[in-house]
Amino acid sequence: MKLSTKSRYGLRAMVDLAVHADEGPVSLRSVAERQHLSEGYLEQIIAKMKKAGFVTSSRGAIGGYTISRPLKDISAGDIIRTLEGNLKLVDCPGLNEEGPEDETCSGSELCVTKYVWEKANAAIDSAFDSITLEELAEESKKALENKQSKETE
């Protein structure tokens, strides 16, 4: 599985919003400048975050975006799934939860490799869901402090 720039940049943008939350609404221009990202691309990403209820926007001279939920209640998995869809390594017909197994997979009823995909998919979900935006914001703040202290030495 390889994640697209959409989820990588989206995660960076959400961390940036979290780090700068105490400054009030954060403009996409400032996020784009700090993260070295395209403002136009960020607009597409943040629109999905807004639709999913993770951010709210305010208009005006001091407008921008704010995170709309507690940081501890938003996981990296939530953000990535919003931007990418599911995080599954493979869409194994033998693991189809929506109904009967896909008939395009011959022998899926005897296939034991579906358990590999099931465990791998569960591990990926668990890994991404165990990391909160709150943790990422704290790590980002530490990294910024370390950088600033090295620059002043």
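Sequential numbering of the sequence shown, starting at 1, is according to the working numbering.
Even glycine gets a Cβ: it sits at the ideal position worked out from N, Cα and C.
Proximal residues to residue i (C-beta, below 8 Å), its chain only, five neighbours per side dropped
{"i": "residue 144", "result": "19"}
{"i": "residue 29", "result": "39"}
{"i": "residue 146", "result": "none"}
Cβ-based neighbour list, residue i, same chain, cut-off 7 Å, excluding 5 preceding and 5 following
{"i": "residue 45", "result": "6, 9, 10, 13 and 83"}
{"i": "residue 3", "result": "80 and 84"}
{"i": "residue 117", "result": "89, 90, 92 and 95"}
{"i": "residue 68", "result": "53, 54, 55 and 56"}
C-alpha gap between residue i and residue j, whole angstroms
{"i": "residue 41", "j": "residue 64", "result": "16 Å"}
{"i": "residue 74", "j": "residue 151", "result": "32 Å"}
{"i": "residue 66", "j": "residue 17", "result": "7 Å"}
{"i": "residue 92", "j": "residue 114", "result": "7 Å"}
{"i": "residue 141", "j": "residue 148", "result": "11 Å"}
{"i": "residue 124", "j": "residue 26", "result": "31 Å"}
{"i": "residue 121", "j": "residue 60", "result": "43 Å"}
{"i": "residue 33", "j": "residue 110", "result": "53 Å"}
{"i": "residue 112", "j": "residue 43", "result": "44 Å"}
Spatial neighbours of residue i in its chain, beta-carbon cut-off 6 Å, leaving aside the 5 residues before and after
{"i": "residue 37", "result": "9"}
Supposed contact pair residue j and residue i - C-beta distance, whole angstroms, cut 8 Å
{"i": "residue 58", "j": "residue 50", "result": "Actually they are not in contact, since the Cβ atoms of residue 58 and residue 50 sit about 11 Å apart, beyond 8 Å."}
{"i": "residue 71", "j": "residue 133", "result": "4 Å"}
{"i": "residue 128", "j": "residue 77", "result": "3 Å"}
Proximity to residue i [Cα-Cα], best of the options
{"i": "residue 35", "options": "21, 15 and 23", "result": "15"}
{"i": "residue 22", "options": "137, 60 and 33", "result": "137"}
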